[in-house]
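A.B. asks: Take a look at this one; I'll ask things after.
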Amino acid sequence: QVELVQSGTEVKKPGASVKVSCKASGYSFDNYYIGWVRQAPGQGLEWMGRTSSNNGDTNYAQKFQGRVTMTTDTSTSTAFMELRSLTSDDTAVYFCARDRDCSTGVCSDYWGQGTLVTVSS
Amino acid sequence: DVVMTQTPLSLSVTPGQPASISCKSSQSLLHSGGKTYLYWYLQKPGQPPQLLIYEASRRFSEVPDRFSGSGSGTDFTLKIGRVEAEDVGIYYCMQGLHLPRTFGQGTKLEIK
């Protein structure tokens, strides 16, 4: 069965960086993208971007361009999302999700459990 | 970016009664290949979103048949035939045709 397991809770100070991991299993990792979505406390879902596990291609939401890097390690079927220059507005739960171009099949179908990132001085 | 607008933002339903949520997109979600890339998710308290409906009307794996999706172009509806207690949570629509992917604000379903 498809499973995405994310790294644990992080507490960071303003200006720091955070790197969240997402380990995939139960499917051919390099046939899909991994997308990242975040959810601030009590708020809705915000798409951050995605990265191809096949060739490393990335698509970032303009809001995060220059501040986020999404990568994958095919040897361990793990994806990473690094967010830099953190502010309190980045306090949120960060989700990874298996993804693909929706025109090629079901996209954003399986999600990780979420990683809480708290930014506080 | 494509703006997704859901209504209502909350609803309270008696178990066994139907429920309906609307989602409107600022651009058509019809792909040149003929499919429509509108997705519905349910986020139960403390959990990640779970996929219910893809391509506007297709139920995802193991989703109960009381959930149905309809619509085309820019107007979509999620219907729950008979609401059960386990259906509580926040429902989101998402468009998958354009990047960035965008979500509706969410509709909170509670049980009376």
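Chains as they are written, first to last, in the working numbering: chain A, 612 to 732; chain B, 845 to 956.
Every residue gets a Cβ at the ideal spot worked out from N, C-alpha and C, and that includes glycine.
Taking its Cβ as the centre, do 16 or more other Cβ atoms sit within 10 Å of A:A746, making it buried, or is it exposed?
C.D. replies: Any question about residue 746 of chain A goes unanswered here, given that chain A covers just 612 to 732.
A.B. asks: Any chance the region 683 to 702 of chain A sits against the region 925 to 939 of chain B, with 3 or more Cβ pairs inside 8 Å?
C.D. replies: No: fewer than three Cβ pairs fall under 8 Å.
A.B. asks: Using a Cβ-Cβ cut-off of less than 9 Å, list which residues of the region 666 to 688 of chain A approach chain B; keep chain order.
C.D. replies: N670, Y671, A672, Q673 and K674
A.B. asks: Would you mind telling me which residues of chain A sit closer than 8 Å to B:G950, beta carbon to beta carbon, in chain order?
C.D. replies: G655 and L656
A.B. asks: Does DSSP put B:A929 in a helix, in a strand, or in coil?
C.D. replies: helix
A.B. asks: So, at 6 Å on beta carbons, what are the nonlocal neighbours of B:T851 in its own chain, with the 5 sequence-adjacent residues on each side left out?
C.D. replies: S866
A.B. asks: Could you give the uninterrupted runs of the beta strand (DSSP E) lying entirely in the region 669 to 696 of chain A, keeping only those of 3 residues or more?
C.D. replies: The region 669 to 696 of chain A contains these whole beta strand (DSSP E) runs: 669 to 671, 679 to 684 and 689 to 694.
A.B. asks: How is the beta strand (DSSP E) around A:V730 delimited, first residue to last?
C.D. replies: T726 to V730
A.B. asks: Between A:I645, A:D684, A:W722 and A:Q654, which lies nearest to A:N670 when the distance is taken from Cα to Cα?
C.D. replies: A:I645
A.B. asks: Considering only their Cβ atoms, is the gap separating A:G655 from B:Q949 smaller than 8 Å?
C.D. replies: yes
A.B. asks: Within 10 Å of its beta-carbon, does B:P908 have 16 or more other beta-carbons around it, so buried, or fewer, so exposed?
C.D. replies: exposed
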